[in-house]
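Undergrad: Below is one structure. I have some questions about it.
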Amino acid sequence: MTILRLPTPIHEMLGLPPLEKGWVWLVGAGPGDPGLLTVLALAALQQADAVVYDALVDESILRLARPGATIEYAGKRGGKPSPRQRDISLRLIELARAGKRVVRLKGGDPFMFGRGGEEALALVEARIPFRVVPGVTSGTGGLAYAGIPATHRDVNHAVTFVTGHNSGGDVPDDLDWEALGRGSPVLVIYMGLKHLPRIRSAVLAAGRRADEPVALVSHATTPRQRVVETTLAAVVEDAAAHAVEAPALIVIGEVVRLRAGLDWLAAMSGKVLEPDPLGLQPAPRQRA
Ligand code: SAH
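Convert by adding 220 to the 1-based position in the sequence shown; the result is the number in this note's numbering.
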């Protein structure tokens, strides 16, 4: 006789909190690769009655939702304007009040340029219980897949995450580029592609070198990942020449040069990596 054993749910195996009825979990889905989902995010999906997701969440991740869960899209589609933030929050409240276990699934980390804070505050106002499940943000996870570390001891002791977009779709005017340019050796810019010419001018005006390395990383961690390495001087022209698509990150700083040594993804298809891309090792002594 064979005994059919149902697999123990992940949250029970690990003693993770269950997703209760009437709760909303704001869950980060990571930058794309389903392998970068956290275990807690997977457990949430496996228990959800309703999943409300954004444009940047990969299909393969949605397929992990509990069979029978309703899956709703809350982003822009086919050029139609996106539903207003208020409408998304109201929908989450409605689902929770109907006693659903709700997963609000957002690209990357929900609290990193993801409006997770706004949605959570709307839940607080409506007295809906919630939990935040952080995700791998594209600004670090996406960079790692491009072979660019956000920091390196010999290069930078600070990194700044910047958004190139405010709620009106413009470069935020409260950004002090002068201070960013002076104080942060590495800038990782989210949502900046559309305003690349303005960003470049602002960074150059802040005193950064025209030959400073820049990487444009698009569709990071997905099969469509592409990385264009360029310089501040050439970034606008190179973005156009290579038809760089959103979603993309702009990375400005010397850490970009480490890619010659750390592009592990390309190494799997034969790229030869340089062990000392920054030229830090002392040159071998000349024989007398
Ligand atoms: N909460 C998300 C960011 C949302 S804002 C996070 O933590 O990653 C959307 C911006 O994120 C995009 O314009 C792009 O700059 C960046 N982004 C998100 N996913 C990306 C990916 N797979 N590759 C490159 N950039 C990405």
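Glycine included, C-beta positions come from ideal geometry on N, C-alpha and C.
Run the proximity test for residue 358: is its beta-carbon closer than 6 Å to any non-hydrogen atom belonging to the ligand SAH?
TA: Residue mapping note: residue 358 aligns to position 138 of the sequence shown, counting from 1. Within the cutoff, so yes.
Undergrad: Would residue 315 and residue 285 qualify as a contact pair, given that the criterion is a beta-carbon distance under 7 Å?
TA: As a position in the sequence shown, residue 315 is number 95, starting the count at 1. As a position in the sequence shown, residue 285 is number 65, starting the count at 1. Not closer than 7 Å, so no.
Undergrad: Assuming residue 391 and residue 372 make a contact with CB atoms under 8 Å, what is their CB distance in whole Å?
TA: To locate residue 391, count along the sequence shown from 1; it is residue 171. To locate residue 372, count along the sequence shown from 1; it is residue 152. At roughly 28 Å, the Cβ-Cβ gap does not stay under 8 Å, so residue 391 and residue 372 are not in contact.
Undergrad: Residues in its own chain within less than 6 Å of residue 363 by CB, not counting five upstream and five downstream?
TA: Taking the first residue of the sequence shown as 1, we reach residue 363 at position 143. Excluding residues within five positions, the ones whose Cβ falls inside 6 Å are 370.
Undergrad: Using three-state DSSP, classify residue 435 as helix, strand or coil.
TA: Taking the sequence shown and counting its residues from 1, one reaches residue 435 at position 215. Here residue 435 sits in strand by DSSP.
Undergrad: Would you list, in sequence order, the uninterrupted beta strand (DSSP E) runs of no fewer than 3 residues that lie entirely inside the segment 382 to 437?
TA: 406 to 410
Undergrad: For residue 254, is the beta carbon positioned less than 6 Å from some heavy atom of the ligand SAH?
TA: Within the sequence shown, numbered from 1, the residue matching residue 254 stands at position 34. No, the ligand SAH has no heavy atom inside 6 Å of this Cβ.
Undergrad: If you check the beta carbons only, do residue 434 and residue 450 fall under 7 Å apart?
TA: Here residue 434 corresponds to residue number 214 of the sequence shown, with the count starting at 1. Here residue 450 corresponds to residue number 230 of the sequence shown, with the count starting at 1. Going by C-beta atoms, residue 434 is nearer than 7 Å to residue 450.
Undergrad: Tell me, to the nearest whole angstrom, how far the beta carbon of residue 340 is from that of residue 239; I am working on the premise that it is less than 8 Å.
TA: Within the sequence shown, the letter at position 120 stands for residue 340. Within the sequence shown, the letter at position 19 stands for residue 239. Not really, about 16 Å apart at Cβ, beyond 8 Å.
Undergrad: By the 10 Å Cβ neighbour count, where 16 or more other Cβ atoms means buried, how is residue 439 classified, buried or exposed?
TA: Residue mapping note: residue 439 aligns to position 219 of the sequence shown, counting from 1. Classification for residue 439: buried.
Undergrad: From the DSSP secondary-structure annotation, give me the bridge partner or partners of residue 372.
TA: In the sequence shown, the residue the question calls residue 372 occupies position 152. Partner(s): 376.
Undergrad: Below 8 Å on the Cβ atoms is my guess for residue 407 versus residue 383; work out the distance and round it to an integer in Å.
TA: Here the question's residue 407 lines up with position 187 in the sequence shown. Here the question's residue 383 lines up with position 163 in the sequence shown. Not really, about 11 Å apart at Cβ, beyond 8 Å.
Undergrad: Which of helix, strand or coil does DSSP assign to residue 308?
TA: If you number the sequence shown from 1, residue 308 lands on position 88. Of the three classes helix, strand and coil, the one that applies to residue 308 here is helix, per DSSP.
Undergrad: With which residues is residue 326 paired in a DSSP beta bridge?
TA: Working through the sequence shown from its first residue, we reach residue 326 at position 106. In DSSP, residue 326 forms a bridge with 248.
Undergrad: Would you kindly report the start and end of the unbroken beta strand (DSSP E) that includes residue 444?
TA: Counted from its first residue, the sequence shown places residue 444 at position 224. First-last for residue 444: undefined, no H or E at that position.
Undergrad: What's the C-alpha gap between residue 267 and residue 321?
TA: The sequence position of residue 267 within the sequence shown is 47, counting from 1. The sequence position of residue 321 within the sequence shown is 101, counting from 1. Their backbone Cα atoms lie some 7 Å apart in a straight line.
Undergrad: Does DSSP put residue 240 in a helix, a strand or coil?
TA: The residue you call residue 240 lines up with position 20 of the sequence shown. Three-state result, residue 240: coil.
Undergrad: DSSP puts residue 270 in a beta bridge; with which residues?
TA: Your numbering for residue 270 matches position 50 in the sequence shown. Paired residues: 290 and 322.
Undergrad: State the CB to CB distance for the pair residue 235 and residue 376, rounded to an integer number of angstroms; the pair is presumed to be in contact (CB under 8 Å).
TA: Here residue 235 corresponds to residue number 15 of the sequence shown, with the count starting at 1. Here residue 376 corresponds to residue number 156 of the sequence shown, with the count starting at 1. That pair is no contact at about 39 Å.
Undergrad: Let me know the secondary structure DSSP gives residue 478 once reduced to three states.
TA: Reading the sequence shown from its first residue, position 258 is the one you call residue 478. Looking at residue 478 - three-state DSSP - the assignment turns out to be helix.
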